[in-house]
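>
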Amino acid sequence: MDGLEGVDFKPQDEVLIRQIIIDHDIGYTTDAAQAKGGFEASKDHPCAGCDFVESHKDYYVQKYGQEGYDTIRDVVLNHSYVQTEYQGKRHESAPDEITDNRDLIRSVVSTVDAMGVTSETKAMDMFRQPE
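So for the sequence shown, the numbering used here puts the first residue at -9; every next one is plus one.
Here it is, written out as structure tokens:
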């Protein structure tokens, strides 16, 4: 995303995106989601993932600060609902304050997540098998 004109993207956004990519589907590892017939429970994986993040709040706050924790928690919880606000801006802050662009971060994570699911399960056969 470096060099994209008009996109308010900074290194701290990339760090949070990488952490969220690691954490966002952790809810699929719960016993309920893994159980035979657990597909219905797996639809709640964002809530289970959010619970994981909340239960490790001290770790996330230590690594990323309160704002970083809040962004990670929010994006993990809402990643299944695609957001496309790539032109979002970070809030006003002091010159030496590190802030993140939550709208951009959520947009990147939710769009990439949806594209992965869509390409495997929802793409028309002509795109998957072009012969």
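Heads up, the beta-carbon is just placed ideally off N, CA and C, and yes, glycines get one too. What you are looking at is a predicted structure, and each value in this text was computed from that prediction instead of being measured.
Is the separation between the beta-carbon of D3 and that of L67 shorter than 8 Å?
For this step, residue 3 is matched to residue 13 along the sequence shown. For this step, residue 67 is matched to residue 77 along the sequence shown. Cβ distance not < 8 Å, so D3 and L67 don't count as in contact.
> Could you check what DSSP says for P36 in three-state terms: helix, strand or coil?
Stepping through the sequence shown from its first residue, residue 36 is reached at position 46. Of the three classes helix, strand and coil, the one that applies to P36 here is helix, per DSSP.
> Considering only residues of the same chain and omitting the five flanking positions on each side of Q74, which have a CB-CB separation below 6 Å?
In the sequence shown, the residue the question calls residue 74 occupies position 84. In the sequence under discussion, the amino acid at residue 74 is Thr, which differs from the Gln named in the question. Result list for T74: S97, in chain order.
> Grouping DSSP H, G and I as helix and E and B as strand, with all else coil, what is D48?
Locating residue 48 in the sequence shown gives position 58, where the first residue counts as 1. Residue state, collapsed to three classes: helix.
> Let me know the secondary structure DSSP gives G58 once reduced to three states.
The sequence position of residue 58 within the sequence shown is 68, counting from 1. The answer is helix: DSSP assigns G58 an H, G or I state.
> Spatial neighbours of I156 within its chain, please: C-beta separation below 8 Å, excluding the five flanking residues on both sides.
Because the chain spans -9 through 121 in this model, residue 156 falls outside it and cannot be assessed.
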